[in-house]
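There are 2 protein chains.
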Amino acid sequence: MNHIPLIDGRHHANRMRTYLKDVVAQLHLSSNIKPHLAIIQVGNDAASTVYVQAKVKACEAVDMTSTLYSFPQEATQDTIDAKIVALNSDAMVHGIIVQLPLPAHINAFDITCKIAVHKDVDGLHPFNQGALIAGHVDGLMPCTPLACLDLIYQEMESLVGQNVCIIGCSKLVGLPLGVMLIKQGCTVTFINRSTPNPAHFTQCADILIAAAGSPHLVQADWVKQGAVVIDVGITRIINADGKAVLYGDVDFDAVVSKVHKITPVPGGVGPMTVSYLLTNTVIAAYKSVDKDMPNNPVHQLFEKQLS
Amino acid sequence: MNHIPLIDGRHHANRMRTYLKDVVAQLHLSSNIKPHLAIIQVGNDAASTVYVQAKVKACEAVDMTSTLYSFPQEATQDTIDAKIVALNSDAMVHGIIVQLPLPAHINAFDITCKIAVHKDVDGLHPFNQGALIAGHVDGLMPCTPLACLDLIYQEMESLVGQNVCIIGCSKLVGLPLGVMLIKQGCTVTFINRSTPNPAHFTQCADILIAAAGSPHLVQADWVKQGAVVIDVGITRIINADGKAVLYGDVDFDAVVSKVHKITPVPGGVGPMTVSYLLTNTVIAAYKSVDKDMPNNPVHQLFEKQLS
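Read top to bottom, the protein sequences are chains A and B.
With the numbering used here applied, the first sequence has no gaps in its numbers, which climb one by one up to 308 at the end.
With the numbering used here applied, the second sequence has no gaps in its numbers, which climb one by one up to 308 at the end.
The following block contains the structure:
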């Protein structure tokens, strides 16, 4: 397998979790606090349940506490709001996430705004997203963009002057990641489904981020020779045998011979995203003890990469 | 002058102010409310004083109230904070701005965060900036990006699929404007001082935004034939005669024969920025009467362009 230029997300995610387990133990020793993640799920979408279970297990693996609050599909906005308000004021809870997508009758923006900024470990509260634009690195940042940035830094010492192309402009991934990469000194182009000639942009990219949710959109002629390719897309497709298969946005086999490095799907960005959710929860727990917390180990991890 | 392909910012700004004056009169008639802008200035930087006076005069011109709070250069963070807190809870004040730049001993991010989100008529509070990423168009948006977007829409019916290049990635202009243009369906490239070959990107841009604060950075070979050029830069330079001259980021005379349309400096983005500050204050005043305010005239102006 040595000849495949993989960025192994599982390996890096596990490395982080080993480190986090140690940090969690230290926090417990010094302050008698166990980081506690509250997860809210509405309805029982199968994919959401898989993701939620992965998060619960990841918490267990680093000796963190998690509590899952499951609501029926028809739960009202007021019900979810009330739970968030209660969790906001519960000193034993350090992080709160609401598993997306939410049912159509619930206003996801309003729900996100209800979460206390310092417990928003998904980093999706407008305040935390806006802090990215301000270049304020002391807040909670969104997990998938952090995962992508970390994986890129595994392969590159500095990002200053690198040419990045981001396919897909979602509020969850493309936009915040792009802002973070701009702050790192990158030239960043955002393309979307209306871009007349996407390959014109992708072919020049030293770093290509595929976050469109469009299976195998990226073919060999879209990729610059020697590029670093980060595949955020993950689409579940039932194949001819009736088996569910996960597709990335990148046709891995078609592009692998051209790239310097590439993340696989699965096993790339996904596991790292979960590790950053844990990291954010540990940061939130640390900050519950010392609001200014300049030098805890987790914070140093961020500073290394994001200052 | 007809052959010069100007986007006349003064003309459009005055058109908006005529309209706003009418809206202000309607609000006064219906609710006995006069939109009131509070301006905080710290120190007496000459350029800041010019800008502040322009804002005060613009308020007068549309029959809005403004109050200027001037603090000495050495005022403490606590002093400014206390004034903002008082203005936040003053029901007679609808909009609050703190003139930038602030003295180095004051943390501008913390100051911006202190302003109530619904009175943040500069649109620079992290919550309001983050709402741009979420695509939430119901909040207060930053004035200079709104000004640029409006001027672009004067020349183009739809922005979907347009290729935009933004020179400069500040939190005040480049970043939020780029996010807004992405939401309009544009392909957007952000370049900065570390971009190896800036002309490679600028030469392809249907819409070129210069917001670097670098006088006459943009020369003819950077501009695509037929482009729309928006010049946000404004730098005051003392020339050989000892006279202060304002320079844009674009060498107007050098590029004017290539462009479809271009904003001049002065008289382009600047006056429109002030008009959007007034607009935001009127919106804030309307919302103080009716929080949900779906259909007031100012809001419709926004919906036309930003939905």
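Built from N, CA and C at the ideal position, the CB exists for glycine as well.
This one's a predicted model, so the numbers in the text were calculated from it and none came from an experiment.
Who are the near neighbours of residue i in its chain, counting only those whose CB is closer than 8 angstroms to its CB and skipping five residues on each side?
| i | result |
| --- | --- |
| Ser195 of chain A | none |
| Ala211 of chain B | Ile168, Gly169, Leu218, Val219, Val230, Ile231, Asp232, Val233, Gly234, Gly249, Asp250 and Val251 |
| Ile112 of chain A | Gln78, Ile81, Asp82, Ile85, Val99 and Leu103 |
| Met2 of chain A | Bear in mind that the predicted position of Met2 of chain A carries a pLDDT of just 45, short of 50, making it too unreliable to give a figure here. |
| Gly162 of chain A | Gly186, Cys187 and Thr188 |
| Asn311 of chain A | This structure leaves residue 311 of chain A out entirely; chain A is present only between 2 and 308. |
| Thr68 of chain B | His37, Leu38, Ala39, Ile40 and Val94 |
| Thr50 of chain A | Gln42 |
At which residues does the alpha helix (DSSP H) containing residue i begin and terminate?
| i | result |
| --- | --- |
| Asp144 of chain B | The question names Asp, but residue 144 of chain B in the sequence shown is Cys. Where Cys144 of chain B is concerned, the enclosing alpha helix (DSSP H) stretches over Cys144 to Glu156. |
| Gln130 of chain A | Pro127 to Ala135 |
| Ile183 of chain A | Gly175 to Lys184 |
| Val138 of chain B | Counting along the chain, Val138 of chain B falls outside any alpha helix (DSSP H), and DSSP gives it neither H nor E. |
| Thr282 of chain B | Val270 to Val290 |
| Thr203 of chain B | Pro199 to Thr203 |
If you run the structure through DSSP and keep just helix, strand and coil, what is residue i?
| i | result |
| --- | --- |
| Gln54 of chain B | helix |
| His119 of chain A | helix |
| Leu209 of chain A | strand |
| Arg237 of chain A | strand |
| Val246 of chain A | strand |
| Cys114 of chain B | helix |
| Gln74 of chain B | coil |
| Asp254 of chain B | helix |
| Ile81 of chain B | helix |
| Ser171 of chain B | coil |
| Gly10 of chain B | helix |
| Ile67 of chain B | Note on residue identity: the sequence assigns Ser, not Ile, to residue 67 of chain B. DSSP places Ser67 of chain B in strand when its eight states are reduced to three. |
| Met2 of chain B | Below a pLDDT of 50, predicted positions are generally treated as unreliable, and Met2 of chain B, at 45, falls in that range; the measurement from the model is reported next regardless. Coil, per DSSP. |
| Asn164 of chain A | strand |
| Val219 of chain A | strand |
| Lys225 of chain B | coil |
| Lys259 of chain B | coil |
| His106 of chain A | coil |
| Lys305 of chain B | Reliability of the predicted coordinates at Lys305 of chain B is poor, the pLDDT of 47 falling under 50, and no value is obtained from them. |
| Ser49 of chain B | helix |
| Asn33 of chain B | coil |
| Thr264 of chain A | coil |
| Ala92 of chain A | coil |
| Gly214 of chain A | coil |
| Thr196 of chain A | coil |
I'd like the list of long-range same chain contacts for residue i, defined as Cβ closer than 7 angstroms, with 5 residues on each side in sequence excluded.
| i | result |
| --- | --- |
| Ile239 of chain A | Ala245 |
| Pro298 of chain A | Note that Pro298 of chain A scores a pLDDT of 48, beneath 50, so its modelled location is shaky and nothing firm can be said. |
| Gln155 of chain A | Ile8 and His13 |
| Ala148 of chain A | Val270, Met273, Thr274 and Tyr277 |
| Lys184 of chain A | Gly136 |
| Ala221 of chain B | Ala255, Val256 and Lys259 |
| Leu133 of chain A | Met142, Pro177, Val180 and Met181 |
| Leu101 of chain B | Ala109 |
| Gly10 of chain A | Leu152, Thr264, Gly268, Gly269, Val270, Gly271, Pro272 and Met273 |
| Tyr52 of chain B | Gln100 |
Kindly give me the distance between the Cβ atoms of residue i and residue j, rounded to whole angstroms, as I take these residues to be in contact under 8 angstroms.
| i | j | result |
| --- | --- | --- |
| Asp254 of chain A | Lys225 of chain A | Not really, about 18 angstroms apart at Cβ, beyond 8 angstroms. |
| Gly96 of chain B | Leu38 of chain B | 5 angstroms |
| Leu103 of chain A | Val43 of chain A | 6 angstroms |
| Gly268 of chain A | Thr236 of chain A | No, Gly268 of chain A and Thr236 of chain A are not in contact; Cβ-Cβ is about 15 angstroms, not under 8 angstroms. |
| Tyr70 of chain B | Ile116 of chain B | With 8 angstroms as the limit, Tyr70 of chain B and Ile116 of chain B do not qualify as a contact, their Cβ atoms being about 13 angstroms apart. |
| Ala285 of chain B | His119 of chain B | 6 angstroms |
| Ser32 of chain B | Val290 of chain B | 5 angstroms |
In terms of residue numbering, what span does the beta strand (DSSP E) encompassing residue i cover?
| i | result |
| --- | --- |
| Ile40 of chain B | His37 to Val43 |
| Ile231 of chain B | Val229 to Asp232 |
| Thr188 of chain A | Thr188 to Ile192 |
| Val99 of chain A | Gly96 to Val99 |
Taking 6 angstroms as the limit between beta carbons, can you name the residues of its chain near residue i, skipping five residues before and five after?
| i | result |
| --- | --- |
| Thr145 of chain B | Val174 and Thr274 |
| Cys170 of chain B | Leu176, Phe191 and Asn193 |
| Gln204 of chain A | Lys225 |
| Ala109 of chain B | Leu103 |
| Lys262 of chain A | Pro6, Ile8, Glu156 and Val229 |
| Met17 of chain B | Ser276 |
| Gly227 of chain A | His261 |
| Thr66 of chain B | Lys35 and His37 |
| Ala76 of chain B | Val43 |
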